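Just below is one structure, and these are the notes that go with it.
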Amino acid sequence: MKLIKTSVLLALILACQSKPEQNQKETYSPLVTEMYTADPSAHVFEGALYIYPSHDIDGGVPEDDLGSHFAMRDYHVLKMNSDETVQDMGKALDLDDIPWAKKQLWAPDIAEKNGTYYFYFPAKDMDDIFRIGVATASTPIGPFTPEVQPIAGAYSIDPAVFKDQDGSYYMYFGGIWGGQLQRWESGRYRPEDQYPNADEKAIAPKVAKLSEDMFQFESAVQDIQLLDAEGNPLLAGDNERRFFEAAWMHTYQGTYYFSYSTGDTHNIAYATGDSPLGPFTYQGVLLKPVLGWTNHHSIVEYNGQWFLFFHDSSLSKGVTHLRSIKKAKLVHLPDGRIQTIDAMVEVAQ
Ligand code: FUB
Numbered sequence: 044m045k046l047i048k049t050s051v052l053l054a055l056i057l058a059c060q061s062k063p064e065q066n067q068k069e070t071y072s073p074l075v076t077e078m079y080t081a082d083p084s085a086h087v088f089e090g091a092l093y094i095y096p097s098h099d100i101d102g103g104v105p106e107d108d109l110g111s112h113f114a115m116r117d118y119h120v121l122k123m124n125s126d127e128t129v130q131d132m133g134k135a136l137d138l139d140d141i142p143w144a145k146k147q148l149w150a151p152d153i154a155e156k157n158g159t160y161y162f163y164f165p166a167k168d169m170d171d172i173f174r175i176g177v178a179t180a181s182t183p184i185g186p187f188t189p190e191v192q193p194i195a196g197a198y199s200i201d202p203a204v205f206k207d208q209d210g211s212y213y214m215y216f217g218g219i220w221g222g223q224l225q226r227w228e229s230g231r232y233r234p235e236d237q238y239p240n241a242d243e244k245a246i247a248p249k250v251a252k253l254s255e256d257m258f259q260f261e262s263a264v265q266d267i268q269l270l271d272a273e274g275n276p277l278l279a280g281d282n283e284r285r286f287f288e289a290a291w292m293h294t295y296q297g298t299y300y301f302s303y304s305t306g307d308t309h310n311i312a313y314a315t316g317d318s319p320l321g322p323f324t325y326q327g328v329l330l331k332p333v334l335g336w337t338n339h340h341s342i343v344e345y346n347g348q349w350f351l352f353f354h355d356s357s358l359s360k361g362v363t364h365l366r367s368i369k370k371a372k373l374v375h376l377p378d379g380r381i382q383t384i385d386a387m388v389e390v391a392q
């Protein structure tokens, strides 16, 4: 009995001491080399793992702080084979087929309900305002048929759709700077960028519950509260921790994990809470900066293993808007934290 107690105590001490840092730096390879892919949203459908990325191209648009050089025009669906290689299942949606969209098909996501696949994507409309649209298909690989109008009340970029245990679906979205979230702080679109002062509350990511038919918002758009350990909101000047873009939600052992990119400080950070609507308490960095400016990820459990999908610019030797998706094993530590991954690579020019 005493021996059992001692070993349990030892295991507890080790668990408490386990650092969220990875012990060894691993190298990760691009999963697709025939084209550039980014912003991978991974999901398991019909027992297989599918990835819904942005399809990066060189659109010849000069680089600026608004991300105009991310000039994507279509989406492809990828499927992971049993040997963990990835195959391109072909083009699933083209800009030319979306009546309301003018340019910039950025990070998408997808959800399945009753055998229909709802593909959510941001694009700039004819007035250069980012909106979020939806397209449907009867299979996970499409092709997807877009609705003629974007989702009413949805704006900015990077939709991430999460199905909760009770069958409700929530969309998380938003991105500052080129993602235009700062232009919606009054509740309506204003073309001027309005940012809070550094000592004021940071601009919040947004969440809304999806309607039964998955085509609309059932609830009003809500701010996601991101708090520090003392329960104070993260501030606009806290660039290392505040939300920038690339929201994702997953649950693990009953806890809701809201993860996101910190943008100009290039981390994928995460915060935890007890409900899909938050509030969420900041916990740390799960993916350190990668080669390239953007950092964007998804987290999925497949065949009993947790995976982090992310991208970097290693295949293009550092070109910001020509990225490639990668994957890493993600480890939830016994104390609820996530082990930090360092996937930075050096590339000879
Ligand atoms: O791919 C275009 C944009 O870059 C995404 O929407 C952002 O999250 C960033 O990855």
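So the sequence shown is residues 44 to 392, counted in this note's numbering.
Positions of the beta carbon are idealized from the N, C-alpha and C atoms, including for glycine.
Computed from a predicted structure; not experimentally measured.
For Val-328, the enclosing beta strand (DSSP E) starts and ends at 323-330. Taken in chain order, the complete beta strand (DSSP E) segments of 3 residues or longer contained in the region 116-168 are 117-123, 129-137, 144-146, 152-156, 159-168. Relative to the Cα of Trp-291, the nearest Cα in the group Asp-82, Lys-68, Ser-72, Thr-76 belongs to Asp-82. Residues Phe-350, Phe-352 of the same chain have their beta carbon placed closer than 6 Å to that of Lys-370, with the five preceding and five following residues left out of the count. In this structure, the beta-carbon distance from Ala-289 to His-339 falls below 8 Å. C-alpha of Ile-267 to C-alpha of Glu-243: approximately 16 Å in a straight line.
A distance below 6 Å between beta-carbons, with the five flanking residues on each side excluded, links Ala-251 to the following residues of its chain, in chain order: Met-214, Phe-260, Ser-262, Val-264. Taking all protein chains shown into account, Gln-192 has fewer than 16 neighbouring C-beta atoms within 10 Å of its C-beta and is therefore exposed. Per DSSP, the unbroken beta strand (DSSP E) holding Gly-176 starts and ends at 173-180.
At the C-beta level, Ala-114 and Val-129 stay beyond 8 Å of one another. Note on geometry: alpha-carbon atoms of Asn-310 and Ala-279 lie some 16 Å from one another. In the three-state reduction of the DSSP assignment, Leu-358 falls in the coil class, being assigned neither a helical nor a strand state.
Going by DSSP, Met-292 is part of the beta strand (DSSP E) stretching over 288-295. In the three-state reduction of the DSSP assignment, Leu-224 falls in the helix class.
Burial check for Gln-237: the Cβ neighbour count within 10 Å stays below 16, so the residue is exposed. Here Val-204 is bridged, per DSSP, to Met-214.
The region 86-105 and the region 374-390 do not touch, with fewer than three beta-carbon pairs separated by less than 8 Å. In the three-state DSSP reduction, Thr-308 falls in the helix class (H, G or I). Annotation: the region 70-111 contains the following complete segments of the beta strand (DSSP E) (minimum length 3 residues), in chain order: 79-88, 91-99. Between the C-alpha atoms of Leu-269 and Met-169 there is a straight-line separation of about 33 Å. If you check the C-beta of Thr-337 against the ligand FUB, you find a heavy atom less than 7 Å away. The three-state reading of DSSP puts Gln-348 in strand, counting E and B together.
Distances between the C-beta of Trp-349 and the heavy atoms of the ligand FUB are all 7 Å or more. For Ile-368, the enclosing beta strand (DSSP E) has its first and last residue at 367-372.
The beta carbon of Pro-183 sits closer than 6 Å to the beta carbons of Phe-88, Tyr-93, Tyr-160 from its chain, once the five residues preceding and following it are set aside; these are given in chain order. In the structure shown, the three-state DSSP call for Asp-266 is strand. For Ala-312, the shortest separation between its Cβ and any heavy atom of the ligand FUB does not lie below 7 Å. In this structure Thr-80 is in contact with Ile-368, their Cβ atoms being roughly 5 Å apart against a cut-off of 8 Å.
Beta-carbon to beta-carbon, Thr-363 and Glu-106 are separated by about 6 Å, close enough to satisfy the 8 Å threshold. Only residues of its own chain outside the window of five on either side were considered, and among them Tyr-213, Met-292 have a CB closer than 6 Å to the CB of Phe-205, listed in chain order. DSSP, read as helix, strand or coil, puts Phe-113 in coil.
The continuous beta strand (DSSP E) containing Lys-249 extends over residues 249-252. In the three-state scheme derived from DSSP, where H, G and I count as helix and E and B as strand, Thr-337 is classed as coil. Beta-bridge analysis with DSSP links Ile-342 to Leu-351. When the Cα atoms are used, Glu-255 and Ser-211 turn out to be separated by approximately 8 Å. At least one heavy atom of the ligand FUB falls within 7 Å of the beta-carbon of Gly-218.
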